[in-house]
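Residue numbers (the UniProt record's numbering): 1 to 115.
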(Lines of atoms letter the chains of each structure in order from A and count residues from 1; the text may use other names and numbers.)
(Lines give C-alpha, C1' and ligand atoms only; values in the text may rest on other atoms or scores of the structure.)
Protein backbone atom coordinates (compact mmCIF):
# COMPACT_ATOMS: atom_id res chain seq x y z
CA UNK A 1 0.00 0.00 0.00
CA UNK A 2 1.06 3.52 -0.70
CA UNK A 3 1.48 6.09 2.08
CA UNK A 4 -0.66 8.61 0.17
CA UNK A 5 2.08 10.87 -1.17
CA UNK A 6 2.63 10.69 -4.91
CA UNK A 7 6.19 11.96 -4.59
CA UNK A 8 8.04 10.85 -1.52
CA UNK A 9 9.97 13.50 0.37
CA UNK A 10 7.94 16.47 -0.86
CA UNK A 11 5.19 18.58 0.61
CA UNK A 12 2.41 20.70 -0.80
CA UNK A 13 3.59 24.20 -1.74
CA UNK A 14 7.28 23.39 -1.74
CA UNK A 15 9.42 24.95 -4.42
CA UNK A 16 12.14 23.31 -6.46
CA UNK A 17 15.59 23.26 -4.92
CA UNK A 18 17.24 24.82 -7.98
CA UNK A 19 16.08 27.87 -9.94
CA UNK A 20 13.90 27.28 -12.94
CA UNK A 21 15.96 27.01 -16.12
CA UNK A 22 13.37 28.92 -18.16
CA UNK A 23 13.34 32.11 -16.07
CA UNK A 24 15.85 34.56 -14.69
CA UNK A 25 15.65 36.22 -11.28
CA UNK A 26 15.04 39.97 -11.27
CA UNK A 27 18.23 42.03 -11.23
CA UNK A 28 19.17 43.05 -7.71
CA UNK A 29 21.80 45.04 -5.92
CA UNK A 30 23.22 44.73 -2.45
CA UNK A 31 23.25 47.84 -0.24
CA UNK A 32 25.18 47.91 3.03
CA UNK A 33 24.04 50.08 5.94
CA UNK A 34 26.22 50.90 8.95
CA UNK A 35 24.97 51.72 12.46
CA UNK A 36 26.81 53.77 15.10
CA UNK A 37 28.08 50.55 16.70
CA UNK A 38 29.76 49.56 13.40
CA UNK A 39 27.44 46.67 12.56
CA UNK A 40 27.02 46.09 8.81
CA UNK A 41 23.52 45.27 7.54
CA UNK A 42 23.32 44.06 3.95
CA UNK A 43 19.95 44.46 2.26
CA UNK A 44 18.99 43.38 -1.26
CA UNK A 45 16.90 45.74 -3.38
CA UNK A 46 15.65 45.60 -6.93
CA UNK A 47 18.13 47.24 -9.28
CA UNK A 48 15.72 50.01 -10.31
CA UNK A 49 14.71 51.03 -6.75
CA UNK A 50 16.30 53.92 -4.89
CA UNK A 51 17.35 52.58 -1.46
CA UNK A 52 16.21 54.49 1.65
CA UNK A 53 18.69 56.70 3.49
CA UNK A 54 18.41 54.72 6.75
CA UNK A 55 17.72 51.12 7.71
CA UNK A 56 17.39 49.67 11.22
CA UNK A 57 20.31 47.50 12.36
CA UNK A 58 19.30 43.87 12.81
CA UNK A 59 21.70 43.41 15.74
CA UNK A 60 21.18 46.48 17.94
CA UNK A 61 18.05 48.16 16.50
CA UNK A 62 19.75 51.53 16.00
CA UNK A 63 19.38 53.34 12.66
CA UNK A 64 22.02 52.62 10.06
CA UNK A 65 23.15 54.81 7.18
CA UNK A 66 24.89 54.34 3.85
CA UNK A 67 28.12 56.12 4.90
CA UNK A 68 30.34 53.90 7.06
CA UNK A 69 32.39 56.85 8.33
CA UNK A 70 29.34 58.95 9.33
CA UNK A 71 26.52 56.68 10.54
CA UNK A 72 23.34 58.26 11.94
CA UNK A 73 23.32 58.98 15.66
CA UNK A 74 21.80 56.71 18.24
CA UNK A 75 18.07 56.91 18.88
CA UNK A 76 17.20 58.70 22.07
CA UNK A 77 15.16 56.47 24.30
CA UNK A 78 12.55 58.35 26.26
CA UNK A 79 11.85 57.30 29.83
CA UNK A 80 8.52 55.75 30.76
CA UNK A 81 5.76 58.30 31.24
CA UNK A 82 2.72 57.71 33.39
CA UNK A 83 -0.81 58.64 32.39
CA UNK A 84 -0.62 61.62 34.75
CA UNK A 85 2.50 62.90 32.98
CA UNK A 86 0.69 62.88 29.63
CA UNK A 87 -2.33 64.67 31.16
CA UNK A 88 -0.05 67.32 32.66
CA UNK A 89 1.42 67.93 29.19
CA UNK A 90 -2.04 68.69 27.79
CA UNK A 91 -3.55 70.63 30.70
CA UNK A 92 -2.35 73.52 32.85
CA UNK A 93 -2.69 73.61 36.65
CA UNK A 94 -5.58 76.07 36.30
CA UNK A 95 -7.40 73.69 33.93
CA UNK A 96 -6.89 70.85 36.39
CA UNK A 97 -8.25 72.90 39.29
CA UNK A 98 -11.35 73.86 37.26
CA UNK A 99 -12.04 70.25 36.26
CA UNK A 100 -11.60 69.09 39.87
CA UNK A 101 -13.97 71.78 41.17
CA UNK A 102 -16.59 70.80 38.59
CA UNK A 103 -16.31 67.10 39.48
CA UNK A 104 -16.56 67.84 43.23
CA UNK A 105 -19.64 69.99 42.65
CA UNK A 106 -21.34 67.10 40.80
CA UNK A 107 -20.50 64.65 43.59
CA UNK A 108 -21.81 66.99 46.27
CA UNK A 109 -25.01 67.58 44.31
CA UNK A 110 -25.62 63.83 44.02
CA UNK A 111 -25.10 63.40 47.76
CA UNK A 112 -27.61 66.12 48.50
CA UNK A 113 -25.16 68.68 49.80
CA UNK A 114 -25.24 71.75 47.64
CA UNK A 115 -22.11 73.22 49.20
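Ideal Cβ positions, reconstructed from N, Cα and C, are used throughout, including at glycine.
Since this is a predicted model, take the numbers as computed values, not measurements.
Status (buried if at least 16 other CB within 10 Å, exposed otherwise) for residue i
i: residue 71; result: buried
i: residue 122; result: Residue 122 is absent from the structure shown; the chain starts at 1 and stops at 115.
i: residue 96; result: exposed
i: residue 64; result: buried
Minimum C-alpha distance to residue i - residue among the options
i: residue 31; options: 48, 105, 85, 23; result: 48
i: residue 59; options: 67, 40, 52; result: 40
i: residue 45; options: 88, 29, 54; result: 29
i: residue 57; options: 67, 38, 69; result: 38
Same chain, Cβ closer than 7 Å to residue i, neighbours up to 5 away in sequence not counted
i: residue 74; result: 36, 62
i: residue 51; result: 31, 45
Neighbourhood of residue i by C-beta distance below 8 Å, restricted to the same chain and skipping five residues each side
i: residue 78; result: none
Spatial neighbours of residue i in its chain, beta-carbon cut-off 6 Å, leaving aside the 5 residues before and after
i: residue 68; result: 34
Query raised in the report: Could you give the uninterrupted runs of the beta strand (DSSP E) lying entirely in the stretch 27 to 81, keeping only those of 3 residues or more?
Result: 28 to 35, 40 to 46, 54 to 56, 63 to 65
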